[in-house]
Every structure is written in C-alpha cells, then in structure tokens.
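In what follows, a single structure is set out as structure tokens and then discussed.
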C-alpha cells in the first residue's frame, strides 16, 4: 500500500485491517513521513499486521529499504499529489512516474493493482463522464488534471497488469465529524461564505451557475474502496466512480453550508453560459492576469477557478448501484455540510487566530513587550494583563523583570474579565542570537505571539557637533532602537504569516516628525524603524500582519533622568498616558498614533520649511546641553 499516511490512505488502511483479519500489509512510507505514520498506527487496531517499508515513489525501484517484502497479492496505490497549486515537476514525478514504478512493481509480483485515480481525468469534457469513459479528447486546465490522466493511462497500458481504478469526486472532510487535513478545493470559498454570516438570514442572494458540483466525504471514499476491493475477485479492468449520484450546484452547496451559521439562502441568477467564459482559461485572453490577481488577493488560487468552470458531469450511478448492493450509500450533502463548515471554522479558518474573545479584544492574547521592566513597557504590560492578556516581558535586567512579573500577576482584573499572566524572559535584544533563542522559547512554551510591542529603547540628547568623537553612541542607539526591533520582527514574521495573524507595535517618537535639535541620533533610529515597518507592512497586508507606529512625546521615564534640562519642563507626559496610546495601538491597530503637536510640526516642515527650521534653531540656542551629554556627572 502506498499513501497510507495520507488523508484517504490512513482511513483505507484502518478499514482494510478490520475487514481482512488475516491480511498482512506492507506500507510504503517516505522517510519524512515515518513519524506521522507511526503516530497514526498507535491508534489503529491490528497495527501489528502492518510492516513499514521505507521507500519513495520518485526513486528507482521505489527506493525500497527495510524488511524484505514477501508475497504480494494486491497493491493499493493511493500516494499522489492532489494539490492543483503544487509544482508541475513534482506532480509529474509523483503522479506519473511514481505510478509507472508502482505498476512495474505490481506486475513483477503478479499482484492486482488498485489505482486510486480522480475525477480530474475527465478534464474539460463537456457533458456526462461515466465509468466506461476515459480518453474523449478532453483538455486539462491544470497540470494536476493532466498528470491524473497520464497516470491512469499508464495503468491501462501496462501489458499483462491486472488492475482496477477508483475515481473519487472532490473529496471533503469526514461526514460524521467534518475532520479534514487541509482547506483546499471548495474550502477556499468558505472564508467568503463566513463574511455572509452577518447578513440577515431572510435575504436571498443571487449566485452564479458554475455547472454541476460533485463532492464526496472522505469516510465514504475509504469505505467504498475497501468494500469494492474484493480480494477474491481477480477481474481486471473495472472502473468505479466514487461520487454523489445526485448532481449538485454551487447554490446547493452554499445553502447546505449556510445552515451552519444561519446565513442567507441563495438562488441561481447567472447562467453558466455567462459565467464560464469569465472563468475559463480559453475565454479570458488578456484579461486572465487581472482575474488571477483578484483571485489571489481573495485567497483563492487561480487554478481553483480554472477547475471550477469545467462543464463535466461526473456520473456514478453504476458504481452507486454496486455499492448499494454492498450496503453502502453516499451521505446526503445537506446533512453533513454543516459539519464540514464547523470543523473548518474551528480548525482551519485562516481568520480563526484573528477572532476576539466576546469578553474583550485582549482576552487570551499573547503579547510580547520589550523594555518591560520599567516605564512605558511596564505600564503597558499592566494594562494588558488587567484586560486578560498573557504578557511576555522582555528586558536585560533579570531581577527587575522578575519583580515586574510578580507584581503584574497580583493585578486585579477589570470587572467581567479574566486576569492575564505575566512571564519574565531576560534577554538582550541587540544580540541577534539571543533574540532567536528568545522567540523559539516563547513559541515553544506559549504556542504563539499575537502582538509584538517594540518598546525597548535608548535615547541621547546631544548636539552633533559634540558627538564627532562618539560614533559608538550612534551604533549603540541603532543596536537597540532599530536592530533589536528588526531582529524580533524578523524572528516572529514567519510565525505570524503562517498563522495569518499578527500585529507589531513600534513605540516611536514625536522626534520622527519634529527632527528637533540634539536628537539627530535618536530621531534617525526611530525613523529607520518606521521606514522598515511601513515597507514590510505593505508586503504583509494579505498575510494579515500589520504594523503601528506610536509617536510618543517627551515622557517622564528613567530615560530622561540624566537630562537636567527637563527637570522644570511642564507638559511632559506621564508614563500611564503614553501607555494608553500604546494600548490603543495594540487594540485598534491604526497605522500611526500621532499627537496634535507632532502633526503641527510635521505640517510646518512641509508648508513652511525655512520658518520651521529657524524656530527649531532658536530652540537649540535657548537650551543648553545637559551635564550628562557633556560628560559632567556632578
């Protein structure tokens, strides 16, 4: 048996062991799938009758390793690449050349080959496609369709080979549980159906006619293959269609699924003759790039639209009659479709990580905050914990960090909300290796990070003329304010992209807008971080990873203590006021959080640049350097 660790394969394997108590099964498994296969076998009764053989369809002689294979009566070939978006070369290697090797193996062992093919062999045939049909001159919209056809031809053309072919329709999740391995095929449209859940259920929505739709649940496919795989019957050349004899439309699927979320019902409004030319490859011409771009932005691979517009009608009445004789009937789509939806919604919906707890937007969220042992970082962490978030505190000072975590764990939650937890992770974010270790530890121990707050920072208030011999200060500034935040962003970005959810908050500064005297080094480091974030945010928008830059004015923290010029300055923000701005960015996710003063200065730079520069120069002349910036500590 090949493909025993796959979606259909492991179910067929389980049923074979039950239906054939004396059967001995050799499972050909790639080395990379051994762990998954072994885990699956732990849950299977009769797994002691399964011998694992390491091999590969793409290798000569199947790359067989492991125990010597004894007498073989039947070869069940399920391994294949079913993803229509997969690399064409990989599909050719596995689906076509792999089938050729399996056919040669079955012939050499005088075994019957049970080849699991697909509805895809019908290609773009217009009209009925029955069990007796194969080559009707059809074309193929994708390489996946083509390789399924070529693989079945190899089986048919191998001289002396005894064979049977099983062609499932579009296979979906388990009819009883809804369980599926991945969201492809019709599942690509579920995200768009979910958006309709907020509409009143009494509405009637116009839908396009895409032709006949044929879905079949995986449990029925596995049951049917095992029931038809009669080990005593050696008749060759039989073909079985495993599908729903009742032809369905996209409107039927929509209405069956809509029951799960009490959505509106649909009716067919646009006839197939109008819709198909807008989707079919041959009918698009120069408009195809535009269609493909729209599809990709909607999360639908263009190849799925190519397949959706096929006019074939997959007939399976003959096989259905045989299965009925054996006591098997395909489940009713109206009955199991809501289960497909619920499983997808709970486990596979790309937006599931972006959902908010009904009790509050931060309840249960994991938020990583740097510079969290004091100042704005500490105050922000407290606000998040009180709102039910779990906060990962990062700073260099381990003792202060542990103290902060203990303090936050004692926080009283806001009414009606569960209290979050605080976790201390001492780390120097200017050390890239330390950041990599930090992120791996956090993800391993907490599963995921929803929000990263790049708060840790260093500030210097010194005129450039007084820093001509202190270039190391600029390096240290960039190491924390820019590179530290970049290291964390780079480390977390793949994780957030994979989850299709993530937000990164940069605690920036009003100096990015004002570019005031004596803050050249500091403003440059924050401006660099904002530029990096803006550019990256434009790239990750479709991945639902977003960025906010919070431009904080002068705030009374430990950072400004060495600057004695601030001792008598009025209007300096409190830590809590600044933290509330950061909290706003965490919850609402705006692109920028500005202040009126910052916007006015920024406007001045654009509307009256010379005047604004003169005013800033007057500020420079009126205020002296601090003792700290000149190296005077007493």
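In UniProt numbering, the protein residues as written are 1 to 634.
For every residue, glycine included, the Cβ atom is placed at its ideal position computed from N, Cα and C.
Contact set for residue i: own chain, Cβ-Cβ below 7 angstroms, skip 5 residues either direction
| i | result |
| --- | --- |
| residue 584 | 593 |
| residue 411 | 382, 385, 386 and 419 |
| residue 343 | 173, 177, 178, 179 and 180 |
| residue 621 | none |
Assigned exposure category for residue i - 16 Cβ within 10 Å defines buried
| i | result |
| --- | --- |
| residue 618 | exposed |
| residue 136 | exposed |
| residue 441 | exposed |
| residue 498 | exposed |
| residue 460 | buried |
| residue 347 | exposed |
| residue 603 | exposed |
| residue 657 | Because residue 657 is not part of the residues shown, which for the chain are 1 to 634, the question remains open. |
| residue 435 | buried |
| residue 560 | Per-residue confidence for residue 560 stands at a pLDDT of 49, beneath the threshold of 50, marking its modelled position as unreliable; the derived number appears in the next sentence. Classification for residue 560: buried. |
| residue 267 | exposed |
| residue 174 | buried |
| residue 567 | Residue confidence for residue 567 is low, a pLDDT of 49 falling below 50, so the modelled location carries little weight and cannot support an answer. |
| residue 526 | buried |
| residue 469 | exposed |
| residue 103 | buried |
| residue 37 | buried |
| residue 501 | buried |
| residue 208 | buried |
| residue 148 | buried |
| residue 24 | exposed |
Inter-residue Cα distance where the pair is residue i and residue j
| i | j | result |
| --- | --- | --- |
| residue 510 | residue 305 | 48 angstroms |
| residue 572 | residue 552 | 11 angstroms |
| residue 546 | residue 467 | 36 angstroms |
| residue 115 | residue 3 | 11 angstroms |
| residue 32 | residue 41 | 16 angstroms |
| residue 453 | residue 542 | 21 angstroms |
| residue 363 | residue 423 | 16 angstroms |
| residue 228 | residue 323 | 8 angstroms |
| residue 352 | residue 337 | 19 angstroms |
| residue 129 | residue 315 | 6 angstroms |
| residue 457 | residue 376 | 11 angstroms |
| residue 302 | residue 294 | 9 angstroms |
| residue 518 | residue 462 | 5 angstroms |
| residue 107 | residue 492 | 51 angstroms |
| residue 187 | residue 35 | 27 angstroms |
| residue 374 | residue 391 | 14 angstroms |
Residues of its chain near residue i, where Cβ-Cβ distance is below 8 angstroms and the 5 sequence neighbours each way are ignored
| i | result |
| --- | --- |
| residue 437 | 427 |
| residue 248 | 212, 213, 214, 215 and 333 |
| residue 132 | 239 |
Coil, strand or helix - residue i by DSSP
| i | result |
| --- | --- |
| residue 243 | coil |
| residue 134 | coil |
| residue 452 | strand |
| residue 334 | helix |
| residue 550 | strand |
| residue 70 | coil |
| residue 14 | helix |
| residue 366 | strand |
| residue 233 | coil |
| residue 560 | Legend: pLDDT at residue 560 = 49, less than 50; position of this residue unreliable, value from coordinates given subsequently. DSSP places residue 560 in helix when its eight states are reduced to three. |
| residue 426 | strand |
| residue 7 | coil |
Beta-carbon contacts of residue i that lie in its chain and below 6 angstroms, excluding the five residues immediately before and after
| i | result |
| --- | --- |
| residue 310 | 124 |
| residue 203 | 264 |
| residue 18 | none |
| residue 30 | 56 |
Sequence ranges, alpha helix (DSSP H) only - wholly within the segment 145–212, length at least 4:
190–194
Residue ranges of each beta strand (DSSP E) run of no fewer than 3 residues wholly in the segment 455–514, ordered along the chain?
502–509
With a floor of 4 residues, list each alpha helix (DSSP H) that falls wholly inside the segment 376–423, ordered by position along the chain.
398–409
In chain order, what are the residue ranges of uninterrupted alpha helix (DSSP H) at least 4 long that sit wholly in the segment 19–57?
34–41
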